[in-house]
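Here the structure comes first, spelled out in structure tokens, and everything after it is commentary.
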Amino acid sequence: MPPRRRPQFTQESVEQQLQQIHLLDHCGQSSSSENLEQLGPIIKQIYTNRQQDAYLRTLQALIDSKDTEIEKICGDNYQDFISSASTLFTVKSYTHNLREKIDTLDSSVSQIGHGLAEKKRALLQSRKTATNLDEAIDSLQASLRILDVVDRVGEMVKEGKYWSALRVCDDAYILRLDIT
14 MPPRRRPQFT QESVEQQLQQ IHLLDHCGQS SSSENLEQLG PIIKQIYTNR
64 QQDAYLRTLQ ALIDSKDTEI EKICGDNYQD FISSASTLFT VKSYTHNLRE
114 KIDTLDSSVS QIGHGLAEKK RALLQSRKTA TNLDEAIDSL QASLRILDVV
164 DRVGEMVKEG KYWSALRVCD DAYILRLDIT
């Protein structure tokens, strides 16, 4: 009986089988245990046909390809991360500057407010003083009118015009009632 010829796996067929297992894993069509079950006969056949070196080269190429893909994804994400971090630091700097400006404006407004409060107190005090002065002037003018009447009464009494002096006193009494 002639020796049984072992099937030879080419590099291409090994890659195809590995890709098929890899694609099944990505598509979610099988679980890890199913992938291992598919990988078992392939590894046995590779071992039986003594094609371990070809399989390892293909596997290493797949690993290198995936490493390159991972590095590219990490590089892209790293640039996005650096950009985001830079933007975050810029926003933080602007926020800090804005907070300082707000604090400065707050203290300025507070100082102006204290100044305005003092001016308002002074204005109210001035108005109170002005009102008191107006009342004092009115009282003095009323007193001057009464003094004028008393002076006229005194002159009339000196002249002997008692009846006229009495009428002027009566007018003064009515004037005093008007004042109060």
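Position 168 of the sequence shown, counted from 1, bears residue number 181 in our numbering, the numbering being contiguous throughout.
For each residue, glycine too, the CB sits at the ideal point set by N, CA and C.
Because the structure is a prediction, the values reported are computed rather than measured.
Check for me: the alpha helix (DSSP H) holding residue i runs from which residue to which?
| i | result |
| --- | --- |
| Q124 | Q65 to E172 |
By Cβ distance, which residues of its chain are closer than 7 angstroms to residue i, with the 5 residues on each side in sequence left out?
| i | result |
| --- | --- |
| V170 | A178 |
| Q65 | I59 |
| D119 | none |
| L129 | none |
| Q154 | none |
| D110 | Going by the sequence as given, residue 110 is Asn instead of Asp. Around N110: no qualifying Cβ. |
Between the options, which lies nearest to residue i when the distance is taken from Cα to Cα?
| i | options | result |
| --- | --- | --- |
| V166 | C182, S152, L157 and S156 | C182 |
| V5 | D184, L146 and E148 | Any answer about residue 5 is impossible in this case: the structure gives the chain only from 14 up to 193. |
Among the residues of its own chain, which have a CB less than 6 angstroms from the CB of residue i, if the five just before and after it don't count?
| i | result |
| --- | --- |
| E113 | none |
| L72 | none |
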